[in-house]
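J.:
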Amino acid sequence: MTAPVVELRGVSCQLGTAPARPIVRDVSFTVAPGETLVLLGRSGSGKTTTLKLINRLIDPSAGEVIVAGRATGAVPPFRLRRGIGYVIQEVGLLPHLTVAENVGLVPRLEGWEPQRIGARVTELLTLVGLAPERFAARRPHELSGGQRQRVGVARALAVDPPLLLLDEPFGALDPITRAELQREFKGLIARLGKAMVFVTHDVREGLLLGTRIGLMQDGRLVFLGTPDEFRRSAEPEVRAFLEAAA
Amino acid sequence: MNLVRFYLDNTREVVGLVGQHLLLVLVSTVIAVAIGVPVGILLTRRPAWRGPVLGLANVFQTIPSLALFGFLIPLPFLGGIGARTAIVALVLYALLPIVRNTYVGISGIDPAVREAARGMGMTDGELLRIVEIPLSAGVILAGIRVATVVGVGTATIAAAIGAGGLGVYIFRGVAVVDNTLILAGAVPAALLALGADGLLGMLERRFVWR
């Protein structure tokens, strides 16, 4: 068995010092290369926080997060994050940069040669189905929501990171564009063989894209298993999600 | 037209005073930007300092300009009679709009954009250079524009402490009750203010992002 790309060991997260309810409580899981772990849950269940614990946009208050064999606390945050693709809903693109500049941003931070960045941008735009000659010079506001999200995926893949984190990447799209992107994305992830953590509240999306499903409720991981196991589970929160989607 | 004849008769002096006036405003605005923009950026990193720093800048703003020039004259190094004192006073006036707009511009950036940038692995310096300054450039320039326009007006008072500029005609005109002389200083000062406003406004509009 290949070594996991991400491992969470008993991770909890509590914001502030008040004895408030922790946002994430004692969560553990691993994600191996080629696996897509879908974190499913209601709003406020802690799934986005769990994602941000992986790239240290939020620090855990207990437990350990290991990415590519190293505890995330032992690496400078910017170093850690450049090795992790990050796609978020809608606003992730920088409005003052062109599509090409947005996609080439992390390579630029990494000090790549301009020619190498240009070649990589062309390759990535083609990969996500945007003709480079038509789209490279546009700015984000000149794109449709679906096109913006494709650029977001291309940007996350720029330096070929072993791990992608996706926070409701298709959440703001109309149902038709959404279904189209989900289908394409499924094909893309099969070819790329990356480890992914994908946050969504849409069960159908989770069952379509996930190799495993993790269901969160009140900060806990109440279910972790394959989509088939998920469909058969007797866990009440799982039933609630399946019934809502039926 | 008396004014036209006045300018024809005193062309060399007028050009010299306009030059002095522009120099006062230019030097003081450049210094105020060099101080104000970094201070504004610092405030976004240390929100606790915001109150005291903006408060202090506000206090400078409320001191009547003639009084501020007067206060500065006896100070060692900064004070005395002449352009240097005038520039110090003009810098103090220009700081508030620049500091405030820098702070407001950067804090007004969508937190999601900032978080996405950090999530991509930008260091604090890269975040500032690649995201925060370009995205807030329009608001910062608006502050510089206000500071410059106010500076053109305030610089006319600088003649009172021997710093020259178009105020020389205004004070002379007031002293001898000669409206033509007052206008000879006031009209070009107003045109300079309008010109600065127009130019900086054009620059500002280039930094509008959707």
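Chains as they are written, first to last, in the working numbering: chain A, 180 to 425; chain B, 48 to 257. Where is the CB? At the ideal position from N, CA and C, for every residue including glycine.
#1: Do T228 (chain A) and C192 (chain A) come within 8 Å of each other at the CB atom, strictly closer than that value?
#2: Can you list, in chain order, the stretches of the alpha helix (DSSP H) that have 4 or more residues and sit fully within the stretch 348-396 of chain A?
#3: What whole-angstrom Cβ distance do L71 (chain B) and A114 (chain B) have, given they're in contact under 8 Å?
#4: Under 8 Å between C-beta atoms, does G245 (chain B) make it to chain A?
#5: Can you confirm whether the stretch 370-382 of chain A touches the stretch 214-223 of chain A when touching is taken to mean that 3 or more C-beta pairs between the two stretches lie within less than 8 Å?
#6: Should M249 (chain B) be flagged as near chain A, meaning a C-beta pair shorter than 8 Å?
#7: Among B:N226, B:F116, B:G200, B:N148, which has the Cα closest to the Cα of G214 (chain B)?
#8: For the beta strand (DSSP E) holding S207 (chain A), just list the boundary residues, first then last.
#9: On the three-state DSSP scale, how would you describe I263 (chain A)?
#10: Could you tell me the alpha carbon to alpha carbon distance between L232 (chain A) and G242 (chain A), rounded to whole angstroms?
#11: Excluding the five sequence neighbours on either side, which residues of its own chain have a C-beta within less than 7 Å of the C-beta of L119 (chain B), listed in chain order?
#12: Can you tell me whether DSSP reads I82 (chain B) as helix, strand or coil?
#13: Cβ of V146 (chain B) within 8 Å of Cβ of G83 (chain B)?
#14: Mapping DSSP to helix, strand and coil, what is A250 (chain A)?
#15: Are the Cβ atoms of F364 (chain A) and L388 (chain A) separated by less than 8 Å?
#16: Along chain A, which residues have their Cβ under 9 Å away from the Cβ of L182 (chain B)?
#17: For a cutoff of 8 Å on Cβ pairs, would you count E179 (chain B) as touching chain A?
#18: According to a CB-to-CB cut-off of less than 9 Å, which residues of the stretch 231-262 of chain A neighbour chain B?
#19: Could you check if D346 (chain A) is buried or exposed, using at least 16 other CB atoms within 10 Å of its CB as the buried criterion?
#20: In chain B, which residues lie with their C-beta within 9 Å of the C-beta of I267 (chain A)?
#21: Return the chain-ordered ranges of every beta strand (DSSP E) run that is complete within the stretch 68-138 of chain B and spans a minimum of 3 residues.
#22: Work out the CA separation of I355 (chain A) and L304 (chain A) for me, nearest whole Å.
#23: Can you list the residues of chain B that V285 (chain A) reaches, using a CB-CB cut of under 7 Å?
#24: For A333 (chain A), count neighbouring C-beta atoms within 10 Å of its own C-beta (all shown protein chains included) and say buried if the count is 16 or more, exposed if not.
#25: Is the CB of L288 (chain A) under 8 Å away from at least one CB in chain B?
#26: If you drop the 5 nearest sequence neighbours on each side, which residues of the same chain put their C-beta closer than 7 Å to that of P235 (chain B)?
#27: Counting Cβ pairs, one atom from each stretch, are 3 or more of them under 8 Å apart for the stretch 403-416 of chain A and the stretch 164-173 of chain B?
#28: Counting only beta-carbon separations shorter than 8 Å, does W96 (chain B) have a partner in chain A?
#29: Where does L230 (chain A) land, buried or exposed, given buried means 16+ other C-beta within 10 angstroms?
#30: According to DSSP, is E186 (chain A) helix, strand or coil?
#31: Got a sec? Which residues, its chain only, sit under 8 Å from P212 (chain A) by beta carbon, not counting five neighbours each side?
#32: Alpha carbon to alpha carbon, how far is L309 (chain A) from R329 (chain A)?
#33: Is any beta-carbon of chain A found at less than 8 Å from that of E173 (chain B)?
#34: Nearest CA to the CA of T109 (chain B): which residue from B:G245, B:A231, B:L139, B:V160?
#35: For the pair the stretch 188-198 of chain B and the stretch 238-254 of chain B, tell me if three or more CB-CB distances fall below 8 Å.
#36: Output needed for G211 (chain B): all residues of its chain with C-beta closer than 6 Å, excluding positions within five of it in sequence on either side, in chain order.
T.: Concretely, from the data shown:
#1: Going by C-beta atoms, C192 (chain A) is nearer than 8 Å to T228 (chain A).
#2: 354-371, 382-388
#3: About 18 Å; that fails the 8 Å criterion.
#4: no
#5: yes
#6: Chain A contact via Cβ: absent.
#7: B:G200
#8: Start and end: 203-210.
#9: strand
#10: Cα to Cα, L232 (chain A) sits roughly 11 Å from G242 (chain A).
#11: L125, G126, T132, V135, A136
#12: helix
#13: yes
#14: strand
#15: yes
#16: L273, P274, H275
#17: no
#18: K231, N234, L236, P255, P256, F257, R258, L259, R260, R261, G262
#19: Under this definition D346 (chain A) is a buried residue.
#20: A159, E162, A163, G166
#21: none
#22: Across the structure, L304 (chain A) and I355 (chain A) are spaced so that their CA atoms are roughly 21 Å apart.
#23: M167, G168
#24: Classification for A333 (chain A): buried.
#25: yes
#26: V65, L213
#27: no
#28: Under the 8 Å criterion on CB atoms, W96 (chain B) is classed as non-interfacial with respect to chain A.
#29: buried
#30: Looking at E186 (chain A) - three-state DSSP - the assignment turns out to be strand.
#31: These residues qualify, in order along the chain: T181, V184, P341, G372, K373, A374.
#32: 8 Å
#33: yes
#34: B:L139
#35: yes
#36: Q67
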